[in-house]
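2 protein chains.
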Amino acid sequence: MANIKDIAAMAGVSIATVSRALRQPGLVKDKTAAKIEEAIRELDYKPNLVAASLRRQKADAVIIAVPSIHNPFTSSFVEGVENVARENGTKVLLAITESRSDLLDRHYEMIAGKQADGMILLDLIEPSDLARKVAGASPLPIVLACEYQDGKDQPRVRVNDVDAAADAAAHIAGLGHTRIACLSGPSVQRMSRDRQRGFRLGLRRAGLELAEDLIVAGDYSLQSGVESTFALLDRGHPFTAILCENDEMALGAIHALAVRGLRVPQDVSVIGIDNMRFAAFSNPALTTVSLPTTAIGEQAMRLMLDFAIDADGACREIILPHQLIKRESTCPPQA
Amino acid sequence: MANIKDIAAMAGVSIATVSRALRQPGLVKDKTAAKIEEAIRELDYKPNLVAASLRRQKADAVIIAVPSIHNPFTSSFVEGVENVARENGTKVLLAITESRSDLLDRHYEMIAGKQADGMILLDLIEPSDLARKVAGASPLPIVLACEYQDGKDQPRVRVNDVDAAADAAAHIAGLGHTRIACLSGPSVQRMSRDRQRGFRLGLRRAGLELAEDLIVAGDYSLQSGVESTFALLDRGHPFTAILCENDEMALGAIHALAVRGLRVPQDVSVIGIDNMRFAAFSNPALTTVSLPTTAIGEQAMRLMLDFAIDADGACREIILPHQLIKRESTCPPQA
DNA sequence: TTGTAGGCGTTATCAG
DNA sequence: CTGATAACGCCTACAA
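Line by line, the protein sequences give chains L and S. In terms of the UniProt record's numbering, the first sequence is numbered consecutively and its last residue is 335. In terms of the UniProt record's numbering, the second sequence is numbered consecutively and its last residue is 335.
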């Protein structure tokens, strides 16, 4: 494969000139540039980015680490990151971690190894390097999105999960429901704990309590929404609404209720959180709290870029707004 | 940041020994290795992968290029690729192209630029380098998945879309339907043309024809499934079943039919292709043709690895089997 | 078992 | 405006 030396030889100039022609076209004479361009075409020359990277100490690439790609939230988030990265000529590399430390660490090596300039993390785990970082040390080029650890000086962008969940609960309470069930997520995740707290908060504001016997723990999957709902129905305790910690479980709940011959929303109201793409098209369409997923990705990437310019000066936390979306899956309880 | 030289100095050995200790541990004395390990820990040394890459002419990474990540098919496919890559210590980098040549080419540069060893392409477009490749030239390190151009000597793995669609059509015909509608995809995509052909083939085998006035073109999205179905109903031509070129549009169709007060499957049967994750949980659960999405990813990655070993010897085409999955969205037409 | 040294392909500095 | 040259950090014959 042709390299810069071959081009220089063919164009009759030095390699320095070729390099300049490529990176700072203004600095070379038009005629020289033309000869170089000709040689490049002739030899089908492609710059070796690895060599450039080694010399410049910069890869023009960032890694997004996500636990799973089977997740509409992930998709929109990545889309947001791409939007901003693209304008900036930065490549975005997606890494899937399955929330396994070894996989995340393997990708984090790419940063230590200079193959990428930074990492945007949408996960509940973190690279072990970040974990053992001592307070006060200069922050790593990592932007946290949504899942976050307290007390780390990393830039982060997130929504207020407590408020979002509280809004969902308030909507249900406002419709007049009192026997209210809940499909929760894995409580190891901060997000799940926050949403759980939000549900309680929203209910309490209306003078209600979340009944412990109406809470079922799932894992945020469609499947677990179905199973949890069956479990709930089998307990035999009556309820007229289900607060779901995410849309996917809510969709599972709607499916399970239909299987058992219950009508949504007349018999049971269902509400989710996320406003994932499918939520508008379920039968019935899902009432939910919309999260600015794409905007989160965009802000995360901006934070990453700011961070590259000035690691200490970059903003440390951005919180984006959510919004209740009323559709067909909720209504007042029918006496 | 500490480099190999620092380690060598601290451990009192040469850099060659350090490098060996890292790459071929068998070749250094235990005691020396221990000193080196100690120094590595002490200085928190991380090998510079870019430098190694430059020297070894290998990046231990492959790129998967996909048009969109908003797509359950993509997710499972990527999962398959990861499964195999992981065993092999290869990093998988996902690139999203939106089927735009400029974006795909930007990522293809990473191969020419040695930042990645190859590319697995799940897209209908191809890098311009591949497009202008002359027949007979040695094949590029690119594995094609599903979408493919005829007459290119690239390794590829795919399903038989014609057969898959024919099976769906045969199922519908077998139930006794005769007025059969169809939601098609963008005919620029080979996959869409193949599935369309398959529908016709399956119907003809049963002595039926696809009525032109009952075909609506969509773009494979949920949204377009909804809209196309409304359009179909508004035409006023009666039908008792809809063949959908993919599950996502099928789910949209089910939603639209429900909105118009039609029952699935009693009034209209609906069948899709893909067996995406949500298909089992819609109301009613979707009858569809299951495609071995994850297996496609696994095979694609294997092909990539084989290709790295022997570009000319590697297998050129793998075709994987599909299977009809009967669920709740189809039944005989009700007189 | 270890050390020496050349080179991977660029970029950037400094003269000219 | 252009050229010579020293890095960038690592790997790998080859020699010892």
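Yeah, the Cβ is synthetic: ideal placement off N, Cα and C, and Gly gets one too.
Ala231(S) is positioned such that its CB atom lies no closer than 8 Å to that of Gly202(S). With respect to chain S, the C-beta atom of Lys5(L) has no partner C-beta closer than 8 Å. For Ser19(L), the uninterrupted alpha helix (DSSP H) run begins and ends at Ile15 to Arg23, by DSSP.
Interface annotation for the stretch 253 to 273 of chain S against chain L: Ile254, His255 and Ala258, criterion Cβ-Cβ distance under 8 Å. Between Gln24(L) and Arg55(L), the alpha-carbon positions lie close to 16 Å from each other. DSSP, read as helix, strand or coil, puts Gly113(L) in coil. Pairwise C-beta distances place the stretch 182 to 200 of chain L in contact with the stretch 218 to 228 of chain L, as three or more of them are shorter than 8 Å. Taking 8 Å as the threshold, the shortest C-beta distance from Ser329(S) to chain L does not fall below it. Taken atom to atom, the span from the alpha-carbon of Leu22(L) to that of Asn48(L) is near 12 Å.
Counting only unbroken stretches of 3 or more residues, the beta strand (DSSP E) elements lying wholly within the stretch 276 to 335 of chain L are 287 to 290, 317 to 320 and 323 to 325, in sequence order. The beta carbon of Arg106(L) falls within 8 Å of a beta carbon belonging to chain S, placing the residue at that interface. At least 8 Å separates the CB of Gly118(L) from every CB of chain S. The Cβ atoms of Met249(S) and Val81(S) do not sit closer than 8 Å to each other. Residue-level contact by beta carbon holds for Val226(L) and chain S, with a gap shorter than 8 Å. Between Val66(L) and Asp123(L), the C-beta gap is smaller than 8 Å, which places the two residues in contact. Nearest to Thr229(S) by alpha-carbon distance, out of His322(S), Leu183(S) and Pro265(S), is Leu183(S). Contact check for Arg277(S) against Pro72(S) passes: the beta carbons are separated by less than 8 Å. Secondary structure note for Lys91(L): its beta strand (DSSP E) is the uninterrupted segment Lys91 to Ile96. Taken in chain order, the whole beta strand (DSSP E) runs of length 3 or more contained in the stretch 213 to 253 of chain L are 215 to 217 and 241 to 244. Gly80(L) is outside the set of residues whose beta carbon lies under 8 Å from a beta carbon in chain S. Residues of the stretch 152 to 169 of chain L with a C-beta less than 9 Å from any C-beta of chain S: none at all. Around Asp105(L), the same chain offers Pro127 and Ser128 as residues with beta carbons nearer than 7 Å, after the five sequence neighbours per side are excluded. Interface annotation for the stretch 73 to 103 of chain L against chain S: Thr74, Ser75, Ser76, Val78, Glu79, Glu82, Arg86, Gly89, Lys91, Val92, Leu93, Leu94, Ala95, Ile96, Glu98 and Leu103, criterion Cβ-Cβ distance under 9 Å. Ranking Leu27(L), Arg100(L), Ala258(L) and Ala116(L) by CA distance to the CA of Lys91(L) puts Ala116(L) first.
Not a single CB atom of chain S sits nearer than 8 Å to the CB of Glu126(L). Chain L places a beta carbon closer than 8 Å to that of Leu49(S), counting this residue as a contact.
By the CB criterion at 8 Å, Glu37(L) and Met10(L) fall outside the cutoff. Taking the Cβ atoms as the reference, Ile120(L) lies roughly 6 Å from Ala145(L), within the contact range of under 8 Å. Rounded to whole angstroms, the Cβ separation of Ala181(L) and Ile242(L) is 5 Å, and the two are in contact under 8 Å.
DSSP places Gly207(S) in the coil class of the three-state scheme, outside both helix and strand. Look at Gly207(L): its C-beta is not under 8 Å from any C-beta on chain S. For Ala11(S), there is no enclosing beta strand (DSSP E); the residue is part of the alpha helix (DSSP H) that begins and ends at Ile4 to Ala11. Spatial neighbours of Ala2(L) in its own chain (CB-CB distance under 7 Å, excluding positions within 5 residues in sequence) are listed in chain order as Leu43, Asp44 and Tyr45. Within chain S, the C-beta atoms nearer than 8 Å to that of Arg277(L) come from His70 and Leu222, in chain order. If you compare the alpha carbons of Glu245(S), His237(S) and Pro238(S) with that of Gly225(S), the shortest gap goes to Glu245(S). For Leu262(S), the CB contacts under 6 Å within the same chain, skipping 5 residues up- and downstream, are Val268 in chain order.
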